[in-house]
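Below is one structure, written out as structure tokens; comments come after it.
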Amino acid sequence: MSDPSQQFHLPIVTSFLEAQRDLTRHIADLQTWCETWCDDVCSSEPDIFNRLRKRLLELHARLLEHFVDEESDGYLKPALDVAPRYTSRAETLQKQHGDFLRRLDTINSRLLRQNQPDFRWADIQVELKTFLDDLHQHEHAENKIMQTAFGDDLGAGD
0 MSDPSQQFHL PIVTSFLEAQ RDLTRHIADL QTWCETWCDD VCSSEPDIFN RLRKRLLELH
60 ARLLEHFVDE ESDGYLKPAL DVAPRYTSRA ETLQKQHGDF LRRLDTINSR LLRQNQPDFR
120 WADIQVELKT FLDDLHQHEH AENKIMQTAF GDDLGAGD
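Be aware that the sequence shown starts at 0, since it is given in numbering that gives the first Met the number 0, and climbs by one per residue.
Okay, structure coming up:
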């Protein structure tokens with residue numbers, strides 16, 4: 000952030016990056032937990048499903064708060080003020096927030112069906128991995144807007 004006029008936005012940028020780093024760590028932690036516990040153990044330990052549901056409910060609450068903060072505080076607004084050419088991309092990313100929450104709700108609902116004959120853990124694993132990968136890419140795209148607008152000396156650990 001070598002341009003002194005950009006210093007005005009520093010607190011918002013710093014807050015944005017802290018929120019992004021926190022969420023990125025949470026996503027990575029959940030991915031690691033799923034890889035460690037869910038690949039081999041889930042079919043033999045039904046309690047793992049409940050623990051996974053709890054973690055996904057925690058992620059839902061965290062995402063809801065994160066998305067509300069992004070949408071109400073306009074975290075990307077300083078970047079868009081500096082680089083308005085990213086407005087369309089930012090609007091597209093913001094429209095994805097509701098879809099991410101719905102997808103997470105669907106996964107959690109499917110986990111409640113663990114005792115049903117049509118329950119397929121392998122399908123949920125694929126769906127969850129895809130969801131977490133998509134969420135990581137979404138957050139990376141938001142970071143990219145901020146980094147491009149203010150220079151590559153910013154980073155969110157992704």
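Backbone N, C-alpha and C fix where the C-beta goes; we use that ideal spot for every residue, glycine too.
For this session: Could you say which of 147, 75, 108, 137 lies nearest to residue 23 if we only look at CA atoms?
Result: 137
For this session: Look at the alpha carbon of residue 71 and the alpha carbon of residue 63, and state the distance between them as a whole number of angstroms.
Result: 12 Å
Exercise. Straight-line CA distance for residue 74 to residue 65?
Worked result: 10 Å
Exercise. Exposed or buried, residue 90, counting other C-beta atoms within 10 Å across all chains shown (16 or more means buried)?
Worked result: exposed
For this session: For residue 111, count neighbouring C-beta atoms within 10 Å of its own C-beta (all shown protein chains included) and say buried if the count is 16 or more, exposed if not.
Result: exposed
Problem set entry | Beta carbon of residue 107 nearer than 8 Å to that of residue 56 | yes
Problem set entry | Counted within 10 angstroms of its Cβ, other Cβ atoms place residue 69 as buried (16 or more) or exposed | buried
Exercise. Counting pairs of beta carbons, one from the region 9 to 29 and one from the region 127 to 135, are three or more of them closer than 8 Å?
Worked result: yes
Exercise. Is it the case that the Cβ atoms of residue 103 and residue 58 are separated by a distance below 8 Å?
Worked result: yes
Problem set entry | Own chain, CB closer than 7 Å to residue 127, minus 5 neighbours either side, in chain order | 33, 106
Problem set entry | Best match in 147, 123, 96 for proximity to residue 52 [C-alpha to C-alpha] | 123
For this session: Answer yes or no: do residue 54 and residue 144 have a C-beta to C-beta separation smaller than 8 Å?
Result: no
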